[in-house]
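Beneath this line is the structure, given in structure tokens, with notes to follow.
Protein chains: 2
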Amino acid sequence: MCGGVGSRFWPFSRTNVPKQFLDFFGTGKSLLQMTVERVSTLVDKDRIVLVTNESYADMIRQQLPEIKESNILLEPARRNTAPCICWAAHHIFAQDPEASIMTLPSDHLILKEMAFIKAMDEGMTFVENNDGLLTLGIKPTSPETGYGYIQKGMQVIGSDDTMKVKSFTEKPNLEMAKMLIATGEFFWNSGIFLWRAKTILEAFKKYAPEIAAHFDMGLPYYGTEKEQNFINDEFVNSPSISVDYAIMEKAENVYVKTVDLGWSDLGTWKALYETSPKNIEGNVTQNCKLISNDCSGTVFAIKGDKVIVAVGLKDYIVAENGNALLICPMSEEQKVRQMVNDVKSRFGEDYI
Amino acid sequence: MCGGVGSRFWPFSRTNVPKQFLDFFGTGKSLLQMTVERVSTLVDKDRIVLVTNESYADMIRQQLPEIKESNILLEPARRNTAPCICWAAHHIFAQDPEASIMTLPSDHLILKEMAFIKAMDEGMTFVENNDGLLTLGIKPTSPETGYGYIQKGMQVIGSDDTMKVKSFTEKPNLEMAKMLIATGEFFWNSGIFLWRAKTILEAFKKYAPEIAAHFDMGLPYYGTEKEQNFINDEFVNSPSISVDYAIMEKAENVYVKTVDLGWSDLGTWKALYETSPKNIEGNVTQNCKLISNDCSGTVFAIKGDKVIVAVGLKDYIVAENGNALLICPMSEEQKVRQMVNDVKSRFGEDYI
Numbered sequence: 062m063c064g065g066v067g068s069r070f071w072p073f074s075r076t077n078v079p080k081q082f083l084d085f086f087g088t089g090k091s092l093l094q095m096t097v098e099r100v101s102t103l104v105d106k107d108r109i110v111l112v113t114n115e116s117y118a119d120m121i122r123q124q125l126p127e128i129k130e131s132n133i134l135l136e137p138a139r140r141n142t143a144p145c146i147c148w149a150a151h152h153i154f155a156q157d158p159e160a161s162i163m164t165l166p167s168d169h170l171i172l173k174e175m176a177f178i179k180a181m182d183e184g185m186t187f188v189e190n191n192d193g194l195l196t197l198g199i200k201p202t203s204p205e206t207g208y209g210y211i212q213k214g215m216q217v218i219g220s221d222d223t224m225k226v227k228s229f230t231e232k233p234n235l236e237m238a239k240m241l242i243a244t245g246e247f248f249w250n251s252g253i254f255l256w257r258a259k260t261i262l263e264a265f266k267k268y269a270p271e272i273a274a275h276f277d278m279g280l281p282y283y284g285t286e287k288e289q290n291f292i293n294d295e296f297v298n299s300p301s302i303s304v305d306y307a308i309m310e311k312a313e314n315v316y317v318k319t320v321d322l323g324w325s326d327l328g329t330w331k332a333l334y335e336t337s338p339k340n341i342e343g344n345v346t347q348n349c350k351l352i353s354n355d356c357s358g359t360v361f362a363i364k365g366d367k368v369i370v371a372v373g374l375k376d377y378i379v380a381e382n383g384n385a386l387l388i389c390p391m392s393e394e395q396k397v398r399q400m401v402n403d404v405k406s407r408f409g410e411d412y413i
Numbered sequence: 062m063c064g065g066v067g068s069r070f071w072p073f074s075r076t077n078v079p080k081q082f083l084d085f086f087g088t089g090k091s092l093l094q095m096t097v098e099r100v101s102t103l104v105d106k107d108r109i110v111l112v113t114n115e116s117y118a119d120m121i122r123q124q125l126p127e128i129k130e131s132n133i134l135l136e137p138a139r140r141n142t143a144p145c146i147c148w149a150a151h152h153i154f155a156q157d158p159e160a161s162i163m164t165l166p167s168d169h170l171i172l173k174e175m176a177f178i179k180a181m182d183e184g185m186t187f188v189e190n191n192d193g194l195l196t197l198g199i200k201p202t203s204p205e206t207g208y209g210y211i212q213k214g215m216q217v218i219g220s221d222d223t224m225k226v227k228s229f230t231e232k233p234n235l236e237m238a239k240m241l242i243a244t245g246e247f248f249w250n251s252g253i254f255l256w257r258a259k260t261i262l263e264a265f266k267k268y269a270p271e272i273a274a275h276f277d278m279g280l281p282y283y284g285t286e287k288e289q290n291f292i293n294d295e296f297v298n299s300p301s302i303s304v305d306y307a308i309m310e311k312a313e314n315v316y317v318k319t320v321d322l323g324w325s326d327l328g329t330w331k332a333l334y335e336t337s338p339k340n341i342e343g344n345v346t347q348n349c350k351l352i353s354n355d356c357s358g359t360v361f362a363i364k365g366d367k368v369i370v371a372v373g374l375k376d377y378i379v380a381e382n383g384n385a386l387l388i389c390p391m392s393e394e395q396k397v398r399q400m401v402n403d404v405k406s407r408f409g410e411d412y413i
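Protein chains in written order, with the numbering used here: chain A, 62 to 413; chain B, 62 to 413.
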């Protein structure tokens, strides 16, 4: 899944180049490229399917020339993850009705690659042998308020880290997050799912029939040259909803595999700061030349060759890309979304 | 005088476009253009002589196409104000040995244009009738530590605002500045001078003979086609020193005309902040689109079309131009000079 657009990293990420396409850590590879590379160990590149917004097609082709054109699914509208997943499952099912699918966001950080590969490999074996919807649950390391939590239930016989899911909990407040962690029963919802194509399509029919109905109309077209045309006409009619709401929180056959992946969804500047290497003053610099004095805890994230001279910034975000500059205390980053809306309404789309 | 380069407004001003060439107040005119416009009321444009560094010749021609080429004196090296003034005096003397000269910096702010014109007009009359070096002394409005101070002495008979100068005082500390002002005898040194060409050239001979000697060698060439060639060979050999040190602080025939011009030398971001119109939150924006929250007392000075989203900045400087960005508390602006040197030594001239 690589069609998302977010304003949380504005202006480091921009509408025309969202987070997944950025070289976030200055490694020379975008988060998407790193994600594809990571799963390439598990599956042949010919069996990696990308679902993105049609406006990002050229960027995908440029960043991932090794992915064949028929594996790039172009959404004509933004409809959250459920329609995306439903289409991809149909697309894959049409080619192999027995296929199992790993479904992954493309803009996350995973530091423990070996643990990831092992978990995905075991997870695939699980879904091939069980009619279940499996999600990876991350062992929490701190009471994060930015993540959803999954409560584990009864252990699956023969597995030491896979359990039935007892409940899902939306982003808690800090006090609640502390309580959840203290129980030892709650894990972060990674948004990484494993299932057979057949299983997830059945789940759509049962729990999200209004979505299933739209995509069932395409059954004659999936895997044919008419697939994209059908989608171009019909996709926009699907409800916009996440797979968590539409399926996972309702289904009975949901399992969680608890893992430690060195994972972050990089959903906030704070997460980016915490997962990035820091200089001696405790600052993170993304792609910029910094001369600083009395600065600490600050992220400097810049696109393009630039020198920054900074004095006296404690725990700030300084982000720039093209015609937009953000300077904001990290503790106030939740204000950015609204301010970006203000930018849009006062100065226009060109700055977003 | 428009040859100066300073790093105090880096990166809003850059080596290739220093302060005098910038549209500092977003009025559509650079400080230099405003200075020329201001003196055009007093003298014909054919009698305005510009002295600048040769590297700024093209910018001068572009900003001031109305100034004739022979009135643009190009210094082949930076030697502070004394050599600049000595050359200009010779250049003018060669055309009219009886000429009087107004000598002005080109990067100052003067809000009271009528008072300026009146003062300069009266000042010219004074120097035409007195063998004196006249400087404009600004009535101080606050105990500024960034200015030199001039102590007034005996009043000139027949004038209510012109006095012999008793002493010059270099930039004082705050306590000293308060004391100076309390006496009522001290005025800010504006760096605006009036004198006859003959008078200042005599002063150079008497008080700065080592400079006079170099420029006297050019007597056969001033006003001829060989003048610039002579300067290109000889200028670099002159000592580098300000006219204040070389002449004004030593000469006997120095006078001060005390004036109220709404004057600032715009020597600091603080001065820029104080003299600029502010928005409702008390911020100054130079050429940028600002969405701010909980910001005050801050200058946002940007070259190029840009949106800034800023949160939580109190009394800061945010300045950007091309490949350089500065973020610094206004109270720390004295640190910038050293940091710009660091930029130069670590990353090279291209960022200065």
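Beta carbons: idealized from backbone N, C-alpha and C, even for Gly.
| Check | Outcome |
| --- | --- |
| Does DSSP put residue 142 (chain B) in a helix, in a strand, or in coil? | helix |
| In whole angstroms, what is the alpha-carbon distance linking residue 185 (chain B) and residue 165 (chain B)? | 13 Å |
| Tell me which residues share the same chain as residue 398 (chain B) and place their Cβ nearer than 6 Å to its Cβ, disregarding the 5 neighbours each side in the sequence. | 68 |
| Check residue 70 (chain A) in the structure and name its three-state DSSP category. | coil |
| Using DSSP with H/G/I as helix, E/B as strand and the rest coil, what is residue 390 (chain B)? | strand |
| What does residue 388 (chain B) reach in chain A if we use C-beta pairs closer than 8 Å? | 369, 370, 371, 372, 374, 379, 388 |
| Of the residues A:392, A:300, A:394, A:382, which one's Cα is nearest the Cα of residue 79 (chain A)? | A:382 |
| I want to check one thing, is the minimum distance from the CB of residue 321 (chain A) to the heavy atoms of the ligand FAD below 6 Å? | Ligands in the displayed structure: none, and consequently the ligand FAD is not present. |
| So, using beta-carbon positions, are residue 21 (chain A) and residue 350 (chain A) closer together than 7 Å? | In the structure as shown, chain A begins at 62 and stops at 413. Residue 21 (chain A) is therefore absent and cannot be evaluated. |
| Using a Cβ-Cβ cut-off of 8 Å (strictly less than) and excluding sequence neighbours within five positions of residue 257 (chain A), which residues of its own chain qualify? | 159, 160, 161, 162, 188, 189, 192 |
| What ranges does the beta strand (DSSP E) occupy inside the stretch 222 to 289 of chain A, keeping only unbroken runs of at least 3 residues that lie completely in it? | 223 to 230, 247 to 257 |
| For a test of the three-state rule: what should DSSP assign to residue 369 (chain A), helix, strand or coil? | strand |
| For a quick check, are the C-beta atoms of residue 209 (chain A) and residue 234 (chain A) less than 7 Å apart? | no |
| Which residue comes first and which comes last in the alpha helix (DSSP H) that contains residue 110 (chain B)? | Counting along the chain, residue 110 (chain B) falls outside any alpha helix (DSSP H), and DSSP gives it neither H nor E. |
| Extract the residue ranges of the beta strand (DSSP E) inside the stretch 190 to 219 of chain A, only unbroken runs of 3 or more that lie entirely within it. | 194 to 199, 210 to 216 |
| Tell me, please, whether the stretch 268 to 277 of chain B touches the stretch 106 to 116 of chain B by the rule of three or more beta-carbon pairs shorter than 8 Å. | no |
| Relative to the C-alpha of residue 224 (chain A), which residue among A:103, A:352, A:316 is closest? | A:316 |
| List the residues of chain B that residue 318 (chain A) touches, going by C-beta distances under 7 Å, in chain order. | Result: empty, since nearest Cβ-Cβ is about 40 Å, beyond 7 Å. |
| Kindly list, in the order they appear in chain A, the residues whose Cβ is closer than 9 Å to that of residue 352 (chain B). | 400, 401, 403, 404, 407, 408 |
| On a Cα-Cα basis, can you pick out the residue from A:141, A:320, A:335, A:409 that is closest to residue 63 (chain A)? | A:141 |
| Let me know the secondary structure DSSP gives residue 302 (chain B) once reduced to three states. | coil |
| At what residue ranges does the stretch 308 to 348 of chain B contain a whole run of the alpha helix (DSSP H), taking only runs of 4 or more? | 330 to 336 |
| Tell me the DSSP bridge mates of residue 351 (chain B)? | B:369 |
| Residue 397 (chain B) touches chain A at which residues, Cβ-Cβ below 9 Å? | 370, 372 |
| Nearest CA to the CA of residue 297 (chain B): which residue from B:118, B:400, B:137, B:147? | B:137 |
| With a CB to CB cut of under 7 Å and the five nearest residues on each side skipped, what residues in its chain are close to residue 97 (chain A)? | 109, 125 |
| If you measure between the beta carbons of residue 320 (chain A) and residue 197 (chain A), is that distance less than 7 Å? | yes |
| Can you find the residues in the same chain that come closer than 7 Å, C-beta to C-beta, to residue 167 (chain B), ignoring five residues on each side of it along the sequence? | 62, 63, 81, 92, 93, 96 |
| Counting along the chain, where does the alpha helix (DSSP H) carrying residue 163 (chain B) start and finish? | No alpha helix (DSSP H) contains residue 163 (chain B), which is instead part of the beta strand (DSSP E) from 161 to 164. |
| Do you know how far the Cα of residue 135 (chain B) is from the Cα of residue 118 (chain B)? | 7 Å |
| Please confirm if the stretch 295 to 313 of chain A is in contact with the stretch 143 to 155 of chain A, defined as three or more CB-CB distances below 8 Å between the two stretches. | yes |
| Is it buried or exposed, residue 341 (chain A), if we count other Cβ atoms within 10 angstroms and call 16 or more buried? | exposed |
| Report the residue from B:274, B:180, B:314 whose alpha carbon sits nearest the alpha carbon of residue 299 (chain B). | B:274 |
| Which partner residues does residue 360 (chain B) have in the DSSP bridge list? | B:345, B:378 |
| Pick from A:139, A:71, A:278, A:366: whose alpha carbon is nearest that of residue 303 (chain A)? | A:139 |
| At the level of alpha carbons, what is the spacing between residue 71 (chain A) and residue 407 (chain A)? | 16 Å |
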